[in-house]
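Peer 1: Quick one: the structure is below, questions incoming.
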Amino acid sequence: IGDGLTTDAMLYAPQLIFRSMEVSELQQEFYSTFGFLRPDGQDQVSGPEPPVAGTTAEVLQYPMEVVSIIPPVVFQRRVELTPCSSQVPGLAQSLDNYFVNQIAGRCAHTYECSVPSGFVCIDRTAKVPSTQRHFGTKTLEYNGDSWYTEFLDMFSLSTVYRDNDIVKTGDWMDLQTDVVEVYNIFLSPQKKAGTMLKLWWTYEGPGRMRGTTEMKSFVQMDVESRETWYFMMFLVMVVAILDIVILIAFAVLRCRRRRRVMKDLQGRMTEEQETIIRDRTPIFEFWDIGDILLRLLSIAFCLWHAAMYPDPTTVDVNGEGQQPLEFYEEPINSILCLNWSDTERTTENKVHEFMGLVIKLDGMLKSETSHRMWATILVLFFFARVVIFLRVHPRIAVLYSTIVEMSTDFLHFLILFVILYVVL
């Protein structure tokens with residue numbers, strides 16, 4: 002190095018080290034020269050260009066029992082910005098003056114500021130309108146809210162090209178982020194089962210997000226199991242209808258017997274005696290009403306189950322004939338058959354359709370979860386009815402007698418427990 006007026010340098014033994022470029026570096030290089038490569042502004046994300054024949058490549062088998070059928074996707078729900086003064090009306094004037102004074106000098110002498118102050122706060126109760134775009138994407142309606150969707154793989158890159166601009170992927174989430182949800186779908190072909198994995202984070206306060214995980218699964222019945230199940234459902238419905246008919250028939254017989262007794266004793270009883278006879282010969286007992294409701298619930302559940310697992314449809318597979326496509330396989334088939342190479346549609350449109358298919362499958366799995374929950378509740382109701390039915394014989398009424406004996410003490414314990422739980 003020279004004396005400060007001139008600068009000299011010598012280079013000793015330069016070496017070139019070859020390495021593979023990272024994907025983010027390649028993308029940065031592509032997007033930074035986008036205007037030079039395509040000065041006419043041609044859309045680069047409408048689909049791939051025709052392939053060019055190259056060297057033969059050998060694709061090895063990759064055996065797996067569980068496969069991911071979609072790239073992980075991420076949903077974001079955002080909230081609105083609001084003036085800080087609107088959240089503390091008593092400090093509105095002071096806050097406005099404080100924020101304006103931060104840049105008042107520079108805005109008056111050095112710059113022409115677009116607004117007096119850039120300070121804003123977050124309104125967690127106000128969701129962004131469905132027409133507002135973020136990162137160059139429009140919203141997708143889901144669970145009554147507007148969500149922004151992306152592929153999770155986007156975050157492996159440092160920058161992406163959106164709306165004719167290069168943006169940092171780290172800016173996709175900011176203080177306006179309220180909820181973030183990540184989805185992935187797995188399929189086990191051998192078991193004909195699928196699972197949707199969901200991870201989501203919810204805003205809990207300044208600098209705090211609470212994370213939760215959830216897994217929803219489905220299993221398709223084979224043909225033999227479906228036929229057996231249909232027969233069992235038909236049998237349950239027939240028995241339930243017969244039980245209802247028998248209970249109503251017994252109610253009619255009780256009504257006739259009571260009328261006959263009242264007619265035979267008419268004029269020889271006081272009103273008090275007539276009341277005692279009516280009370281001791283009821284047409285319907287409490288348990289009879291419960292039994293009728295349980296039978297009706299059984300019939301409704303069987304019909305619901307038949308609707309949840311209909312017969313498969315048929316699709317043509319590679320021109321080799323019709324093959325069955327099960328109920329839960331239909332949305333998966335739609336996801337796998339989405340034509341990403343369609344150059345007549347923009348990537349945004351195709352991604353929007355893809356995310357809609359993921360949401361549709363999630364809704365079906367939520368219905369499946371509710372179906373299983375009601376099945377469990379129905380089994381518990383029938384278990385309780387069996388326990389109550391066993392009261393007819395003193396030797397097998399041990400469980401029922403124990404519950405009756407402890408019911409009063411248990412009720413008081415629950416009252417005490419709830420009070421202590423709420424207080425502590």
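Using my numbering, the letters of the sequence shown correspond one by one to residues 2 to 425. Note that CB positions come from ideal geometry on N, CA and C, so glycine has one too.
1. Helix or strand or just coil, what does DSSP make of Ala398?
2. Do you know how far the Cα of Ile293 is from the Cα of Arg257?
3. Leaving out the 5 sequence neighbours to the left and right, which residues in its chain are closer than 6 Å to Asp164 when beta-carbon positions are compared?
4. Taking just the CA atoms, how far does Leu391 sit from Arg212?
5. Taking the beta carbon of Trp148 as the centre, do at least 16 other beta carbons fall within 10 Å, making it buried, or is it exposed?
6. Distance check for Phe219 and Val316, CA to CA, integer angstroms please.
7. Within its chain, find whatever has a CB closer than 6 Å to the CB of Asp289; leave out the 5 residues flanking it on each side and keep chain order.
8. Straight-line CA distance for Asn185 to Cys122?
9. Taking the CB atoms as reference points, tell me whether Leu153 and Val80 lie closer together than 8 Å.
10. Judging by CA-CA distance, which residue of Gln77, Glu113, Leu295, Arg134 is the nearest neighbour of Ile245?
11. Does the structure place the stretch 325–338 close enough to the stretch 259–273 that three or more beta carbon pairs sit under 8 Å?
12. DSSP puts Gln77 in a beta bridge; with which residues?
13. Can you give me the start and stop residues for the beta strand (DSSP E) that Lys217 sits inside?
14. Specify, as a first and last residue, the run of the alpha helix (DSSP H) that Glu272 falls within.
15. Check for me: the beta strand (DSSP E) holding Lys128 runs from which residue to which?
16. Using only the alpha-carbon positions, how far apart do Thr160 and Glu331 sit?
17. What residues in its chain sit with their C-beta under 6 Å from that of Val181, if we drop five residues either side in the sequence?
18. Give every residue of the same chain whose Cβ lies closer than 8 Å to the Cβ of Thr170, excluding the five residues on either side of it in the sequence, and list them in chain order.
19. Taking only the alpha-carbon atoms, compute the straight-line gap between Arg209 and Asp179 and give it to the nearest angstrom.
20. Let's test the definition: count the other Cβ atoms within 10 Å of the Cβ of Leu417 and tell me whether it reaches 16, buried, or not, exposed.
21. Determine, using beta carbons only, whether Ile277 and Ala252 come nearer to each other than 8 Å.
22. For the beta strand (DSSP E) containing Ile167, name the first residue and the last one.
23. Thinking just about the alpha-carbon of each residue, which of Pro84, Val101, Val419 is nearest to the one in Arg125?
24. Considering only the beta carbon of each residue, do Ile333 and Leu188 sit closer than 8 Å?
Peer 2: The short version:
1. What you label residue 398 is simply residue 397 of the sequence shown in a count that begins at 1. Coil, per DSSP.
2. Your numbering for residue 257 matches position 256 in the sequence shown. Your numbering for residue 293 matches position 292 in the sequence shown. Arg257 and Ile293: Cα-Cα distance of roughly 21 Å.
3. Stepping through the sequence shown from its first residue, residue 164 is reached at position 163. The answer, listed in chain order, is Gly137.
4. Reading the sequence shown from its first residue, position 211 is the one you call residue 212. Reading the sequence shown from its first residue, position 390 is the one you call residue 391. Arg is not the amino acid found at residue 212; the sequence shown has Gly there. Answer to the nearest angstrom: the Cα atoms are 47 Å apart.
5. Walking along the sequence shown from the start, residue 148 turns up at place 147. Flag for Trp148 reads buried.
6. Here residue 316 corresponds to residue number 315 of the sequence shown, with the count starting at 1. Here residue 219 corresponds to residue number 218 of the sequence shown, with the count starting at 1. Their Cα atoms are separated by approximately 21 Å.
7. Residue numbering aside, residue 289 sits at position 288 when the sequence shown is read from its first letter. Excluding residues within five positions, the ones whose Cβ falls inside 6 Å are Leu248.
8. Position 184 of the sequence shown holds residue 185. Position 121 of the sequence shown holds residue 122. Spanning the two alpha carbons is a distance of roughly 34 Å.
9. As a working note, residue 153 is residue 152 in the sequence shown. As a working note, residue 80 is residue 79 in the sequence shown. The answer is no: Cβ separation not under 8 Å.
10. Start at 1 with the first residue of the sequence shown, and residue 245 comes out as number 244. For the residues Gln77, Glu113, Leu295, Arg134, the minimum Cα distance to Ile245 belongs to Leu295.
11. no
12. For the purposes of this step, residue 77 is taken as the residue at position 76 of the sequence shown. DSSP output for Gln77 lists Tyr149, Val181 as bridge partner(s).
13. Taking the sequence shown and counting its residues from 1, one reaches residue 217 at position 216. Segment 209–220, the beta strand (DSSP E) holding Lys217.
14. Your numbering for residue 272 matches position 271 in the sequence shown. 272–281 is the extent of the alpha helix (DSSP H) around Glu272.
15. Position 127 of the sequence shown, counted from the first residue, corresponds to residue 128. Segment 122–128, the beta strand (DSSP E) holding Lys128.
16. Taking the sequence shown and counting its residues from 1, one reaches residue 160 at position 159. Taking the sequence shown and counting its residues from 1, one reaches residue 331 at position 330. Straight-line Cα distance between these residues: approximately 36 Å.
17. The residue you call residue 181 lines up with position 180 of the sequence shown. Taken in chain order, the residues that qualify are Gln77, Trp202.
18. As a position in the sequence shown, residue 170 is number 169, starting the count at 1. Same-chain partners within the cutoff: Met155, Phe156, Leu158, Ser159, Thr160, Val161.
19. Counting from one through the sequence shown, the residue named residue 209 turns up at place 208. Counting from one through the sequence shown, the residue named residue 179 turns up at place 178. Distance between the alpha carbons of Arg209 and Asp179: 11 Å.
20. Taking the sequence shown and counting its residues from 1, the one referred to as residue 417 is at position 416. With fewer than 16 other Cβ atoms within 10 Å, it is exposed.
21. Locating residue 277 in the sequence shown gives position 276, counting from the first residue. Locating residue 252 in the sequence shown gives position 251, counting from the first residue. No; because the gap between Cβ atoms is not below 8 Å, this pair is not in contact.
22. Translated into the one-based positions of the sequence shown, residue 167 becomes position 166. Unbroken beta strand (DSSP E) run through Ile167: 166–169.
23. Counting from 1 along the sequence shown, the entry for residue 125 is found at position 124. That would be Pro84, whose Cα lies nearest to the Cα of Arg125.
24. Locating residue 333 in the sequence shown gives position 332, counting from the first residue. Locating residue 188 in the sequence shown gives position 187, counting from the first residue. Yes, the Cβ-Cβ distance between Ile333 and Leu188 is below 8 Å.
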